[in-house]
Amino acid sequence: MSEVPLLVVDHLAKRYRERPAVRGVGFTLWPGEVLALVGESGSGKTTLLNMIAGRVAPNAGSVRFRVESGDIVDLVALSEAERRMLVRREIGFVHQNPRDGLRLSVSAGANIGEPLMAAGARHYGSIRHTAALWLERVEMDPRRLDDLPTSFSGGMQQRLQIARALVTEPRLVLMDEPTGGLDVSVQAKLLDLLRRLVGDLGISVVLVTHDLGVARLLAHRLLVMQQGEVVESGVTDQVLDDPQHPYTQLLVSSVLAA
Amino acid sequence: MTVATAGYNFAYLDEQTKRMIRRAILKAVAVPGYQVPFAGREMPLPYGWGTGGIQVTASIIGSEDRLKVIDQGADDTTNAVSIRRFFAKTAGVATTTRTSEATIIQTRHRIPETPLAAGQIMVFQVPIPEPLRWLEPRETETRRMHAQADYGSMYVKLYEDIARMGRIAAAYDYPVMVAGRYLMRPSPIPRFDNPKLDRSPALLLFGAGREKRIYALPPHTPVKSLDFEDHPFAIERWTERCQRCGSGESFLDEIVVDDRGTRRFVCSDTDHCDARLANGSAP
Amino acid sequence: MLEVSGLAKAFTIHAQGVHLEVLDGVDLAVRAGECVVLDAPSGSGKSTLLRALYGNYRSDRGRVLVRHRDAMVDVAAAPPRLLLELRRETIGYVSQFLRVIPRVPTLDIVAEPLARRGASPSEARERAAELLSALALPERLWLLAPSTFSGGEQQRVNIARALIAAHPMLLLDEPTASLDAENAGRVLALLDERRRDGTAMVGIFHDPEARRRIATRLFPLPGRNLAA
């Protein structure tokens, strides 16, 4: 276990006019850890994720990320161009709706290959080969490499998006409700896949979910958010089995047992 | 030298406009391959007919220049004739069909076979200057992509071509990388002509009238056509030769000559073909 | 190996306005090779104590010192990362039921903790196979996910998974309750072997036979207060 954190978020805040969406949130993430941000809609968890991803500009705070070279960079302090380039190169993002994270007009292979090509890959055969490997890794048929994403089901599109997000093996991946909107059985398969990939690749993940079952399965640690603030945090099973804060207790007790 | 028609400023545009366009050209030359916006004027012909090229030519042409205009390689097509006449009337400049004798060559869709020399300027007519437009309709996004050299998606198109058709399909307007930095569209010249862009001793200027963009390749700029290591860029080749002059090296037009579908292959570059004939070449 | 001092734990259920003190100042010391069985009637906080030792429940007061990497570390005060490290390397927990992870084959479920410690996948699977054999889980089940197994079969998977990383300290919450006598016997034999190898254990066993086989000492839990 390395001693240097991968990501340190400090006093991050976002206000939309008079309404505070995120109030001074901070946390540290180490390599290989999965951190879940849980809460109901309006809790600020998605805004927080988007600030880390550089898609929303914070009003205050810092997002210090340890880049490939080992330097620590505050993403908030970078120019927009630098931030976008860094995020594109080193941080993966999995959207809730796979269509937001895919190019629907080009083949599955082109979708998975694009991050490689953006990073400078120039050998068609190798790109294709890597893309096929990744299709297998996300348990899809590699013979469908040339099919368009629109010919896949929702669950398969999500797998495709995951392959595209992970193909360059970024050290940090941000996921926004990766299994939301999918059938329950499809969700289970996808969670299983994510669990294994995250474990095998040793990547760090910040995961937004309103589903405590997803959090329990995937996350080492949990941040419970309510109205823009973190009301409780800790090791996942501790927060879910011994919730301290009234809101956490409410969340936990509201889960319908299968 | 023809006499200019009275009532028009030299080369039609007012001096302030020419200055503005020359500034844009200087900027374009300073950043090879980068699209410089300019305040395009209303020209006496519609968009799609070469207004960008005409504005560039109008801004750089002087009374001592000798102008050649070609369209699809030929001096005698309607558009080439009209544009040449336009400058003869409004600038009174000398015109020519000989590539080697021209100081400025305005072109649509071809680069002449005769190699260009230092001191010559080629002006290209460009319909769509943005190489990423097929992928991204938003101007704000394509500008960002150029600024960040975010060109992975262009390779996606090439990849997709190979996946679908076994080869990169673009026959003309084949995308190039300029000086290893900017992605550029060379205008709808056939891929056959792309190698002529690389390190050309001439100054190459590109004008898009409708989109109001100018870009440039100063002399000796490295220009590389995009490809994959295992699918390298290759130009077209014919098994036939020109049936007029016998050339096996030039870009050939395929012409249907009768109702039975008989085809003739002739050089697209009329000046080149004529010159070869004059020198005694035979089919 | 383990030194608990002044451990207190209360539950506050905000919605009901309830405050329940379950543990009030527990002291306990366990050495390597000991198996301490918690002895108290139902509902007196045995499970709570066990979970507090694992960091699954948060302690209100007191310390839970565990020998970890040649130092005594307080589980109750450990930040999340340290707690996860403690669980990975030092403290194992054998629960009463298997928490089923969908679709993962049994062999991989058991192998996983060892793989996460850095063992190669084949090494981990080999070790998993050994354990499953020792627990007499039929080989035909090894490549299936346990979701369709019987309670007894699932529990054996659970035990194998908990034992594979060979933690120096084990917390056992009724591990044999759902097993028949024969399988329970196998599990107890395995646990006893571990104990002799130096594992420190704290466990809850209702079955007197199990206690007889595994316990080196009984620990009576002090009575608790009930405050509403």
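Sequence lines, in order, name chains Y, L and R.
Per this note's numbering, residue 377 is the first one in the first sequence, and the count goes up by one each step.
Per this note's numbering, residue 15 is the first one in the second sequence, and the count goes up by one each step.
Per this note's numbering, residue 4 is the first one in the third sequence, and the count goes up by one each step.
Ideal Cβ placement from N, Cα and C applies to all residues, glycine included.
Fair warning: this is a prediction, and the values are worked out from it, not measured in the lab.
Check: Which whole-angstrom value describes the C-beta separation of R/V67 and R/A79, a residue pair presumed to lie in contact below a C-beta threshold of 8 angstroms?; Outcome: 5 angstroms
Check: At what residues does the beta strand (DSSP E) containing L/F100 begin and finish?; Outcome: Where L/F100 is concerned, there is no enclosing beta strand (DSSP E), although the alpha helix (DSSP H) it sits in stretches over T92 to A105.
Check: In angstroms with no decimal places, state the Cα-to-Cα distance between R/G2 and Y/H505.; Outcome: Look at the range of chain R in this structure, 4 to 231, and you will see that residue 2 of chain R is not part of it.
Check: Measuring CB atoms only, is the stretch 93-110 of chain L touching the stretch 251-264 of chain L, in the sense that at least three cross pairs come out at less than 8 angstroms?; Outcome: no
Check: Is there at least one Cβ from chain Y nearer than 7 angstroms to R/R61's Cβ?; Outcome: yes
Check: Helix, strand or coil for R/S125, going by three-state DSSP, please let me know.; Outcome: helix
Check: Closer than 8 angstroms is the cut-off here; do at least three beta carbon pairs connect the stretch 177-196 of chain L with the stretch 222-242 of chain L?; Outcome: yes
Check: By the 10 Å Cβ neighbour count, where 16 or more other Cβ atoms means buried, how is L/M168 classified, buried or exposed?; Outcome: buried
Check: Helix, strand or coil for Y/P474 per DSSP?; Outcome: helix
Check: Beta-carbon within less than 8 angstroms of Y/T612's beta-carbon, same chain only, minus the 5 sequence neighbours each way: which residues are those?; Outcome: A412, A591, R592, A595, H596, R597 and L598
Check: Please check the pair L/T111 and L/K82, which I expect to be a contact at CB under 8 angstroms, by giving their CB distance rounded to whole angstroms.; Outcome: 6 angstroms
Check: Counting only C-beta atoms, is L/V192 closer than 7 angstroms to chain Y at any point?; Outcome: no
Check: Here's the rule I'm using: 16 or more other beta-carbon atoms within 10 Å means buried, otherwise exposed. How should R/R120 be labelled?; Outcome: exposed
Check: Under the rule that 16 or more other beta-carbon atoms within 10 Å means buried, what is L/T19, buried or exposed?; Outcome: exposed
Check: Does the beta carbon of R/R106 come closer than 7 angstroms to any beta carbon on chain Y?; Outcome: yes
Check: Can you give the beta carbon distance from L/A69 to L/I35, rounded, assuming they're within the 8 angstroms contact cut?; Outcome: The residue asked about is misnamed: residue 69 of chain L is Gln in this sequence, not Ala. Contact flag correct, Cβ pair sits at about 6 angstroms.
Check: Check whether chain Y comes within 7 angstroms of L/A248, counting only Cβ atoms and requiring the distance to be less than that.; Outcome: no
Check: Examine chain Y for any beta-carbon lying closer than 7 angstroms to the beta-carbon of R/L86, and answer yes or no.; Outcome: yes
Check: So, using beta-carbon positions, are R/I217 and R/L193 closer together than 7 angstroms?; Outcome: no
Check: Taking Cβ positions only, does Y/A429 come closer than 7 angstroms to chain L?; Outcome: no
Check: In three-state terms, what does DSSP make of Y/V582?; Outcome: strand
Check: For the stretch 549-566 of chain Y, list every residue whose C-beta sits within 8 angstroms of some C-beta in chain R, in sequence order.; Outcome: A564 and K565
Check: Under 7 angstroms between C-beta atoms, does R/H17 make it to chain Y?; Outcome: yes
Check: Kindly list, in the order they appear in chain R, the residues whose Cβ is closer than 7 angstroms to that of Y/G620.; Outcome: Contrary to the premise, residue 620 of chain Y reads as Gln rather than Gly in this sequence. Going along chain R in sequence order, the residues near Y/Q620 (Cβ under 7 angstroms) are R61.
Check: Mapping DSSP to helix, strand and coil, what is Y/K390?; Outcome: strand
Check: Are there three or more Cβ pairs, one per stretch, closer than 8 angstroms when the stretch 100-110 of chain R is compared with the stretch 30-46 of chain R?; Outcome: no
Check: Which residues in the same chain have their Cβ closer than 6 angstroms to the Cβ of R/L140, if we skip the five residues on either side of it in sequence?; Outcome: R159
Check: With DSSP run on the structure shown, which of helix, strand or coil describes R/L147?; Outcome: coil
Check: With a threshold of 7 angstroms between beta-carbons, can Y/S483 be considered close to chain L, or not?; Outcome: yes
Check: Using the beta-carbon count (16 or more within 10 Å), is R/L221 buried or exposed?; Outcome: exposed
Check: Return yes when the Cβ of Y/R498 is within less than 7 angstroms of the Cβ of L/F242, no when it is not.; Outcome: yes
Check: With a 10 Å radius around its C-beta and 16 neighbouring C-beta atoms as the bar for buried, classify L/R251 as buried or exposed.; Outcome: exposed
Check: DSSP has R/S8 in a bridge; who is on the other side?; Outcome: R/R66
Check: Please return the same chain residues whose Cβ sits closer than 6 angstroms to the Cβ of L/I135, not counting the five positions on each side in sequence.; Outcome: I118 and L217
Check: How about the stretch 8-26 of chain R and the stretch 259-276 of chain L: do they share at least three Cβ pairs that are nearer than 8 angstroms?; Outcome: no
Check: When you compare the CB positions of L/P46 and L/P232, do they come within less than 7 angstroms of one another, or not?; Outcome: yes
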